[in-house]
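Okay, structure first, notes after.
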Amino acid sequence: MNIVCRKASAGDVEQLDLVMQVIADGPGNLEKMRRQVERIAENEDKYLLVAVDQDENQIVGSLLGVVFEDICGDGSPILLVENVAVLESWQGHGVGRLMFEAIESWGRKKRCHYEMLVSGLGRKGAHKFYQALDFEEVKGFKKYL
383 MNIVCRKASA
393 GDVEQLDLVM
403 QVIADGPGNL
413 EKMRRQVERI
423 AENEDKYLLV
433 AVDQDENQIV
443 GSLLGVVFED
453 ICGDGSPILL
463 VENVAVLESW
473 QGHGVGRLMF
483 EAIESWGRKK
493 RCHYEMLVSG
503 LGRKGAHKFY
513 QALDFEEVKG
523 FKKYL
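Numbering (this note's numbering), first residue to last: 383 to 527.
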């Protein structure tokens, strides 16, 4: 296993969509995803990370980190992590931990003073993993549709 974490590019969209299907209801709109990946790559406060098995040249995991401003305390920014997914065949092999180490390193470079994680309420197995990474509790969210 030779996993490397890096920023996603538009050329990753087909494989990235397969990873996102772990947490989505089905395949995404690839052209829209390609445009979004390009926009994210241009924004210095966003990091769409992919974990790549270099032996197979396959994307096996991904997450999105977003840095945003905070008005509390000394005004240091906050890191928000969302869309965490690892292919089922790769879960339990350290990919998620490696991705969090990479995004948290980026967050520290951006001088974030803490990290928030968004995860769907039904993802109980993922929540156990997040607790093992010292995330303290899971909060609900409301969809606007």
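Even for Gly, the Cβ is constructed at its ideal location relative to N, Cα and C.
Residue from the options with nearest C-alpha to residue i
i	options	result
A406	V468, M498, E413	V468
R490	R421, G476, V449, L480	V449
N439	C494, E396, A484	E396
R421	G410, C454, A390, D456	A390
A423	D394, V466, D456, M402	D394
Sequence-distant residues of its chain with Cβ nearer than 8 Å to residue i (five each side left out)
i	result
R388	L431, V432, V434
S458	D452, R493, C494, H495
Whole-Å CB distance - residue i paired with residue j, under 8 Å assumed
i	j	result
G443	W472	6 Å
M415	L398	7 Å
V386	Q436	6 Å
I460	Y429	14 Å between Cβ atoms; not a contact.
Residue environment, residue i, which counts as buried when at least 16 other CB atoms sit within 10 Å
i	result
A392	exposed
C494	buried
G478	buried
Residue i and residue j closer than 9 Å at C-beta
i	j	result
L400	I441	yes
K510	D427	no
V404	E470	yes
Contact with chain C by residue i, beta-carbon distance below 9 Å
i	result
E420	Although the question refers to chain C, the structure presented lacks it and comprises just one protein chain.
Other residues of its chain near residue i: CB distance less than 7 Å, five sequence neighbours each side excluded
i	result
L480	I385, C387, A433
H475	M383
Neighbourhood of residue i by C-beta, 6 Å cutoff - its chain only, sequence neighbours within 5 removed
i	result
V466	L445
L462	V448, M498
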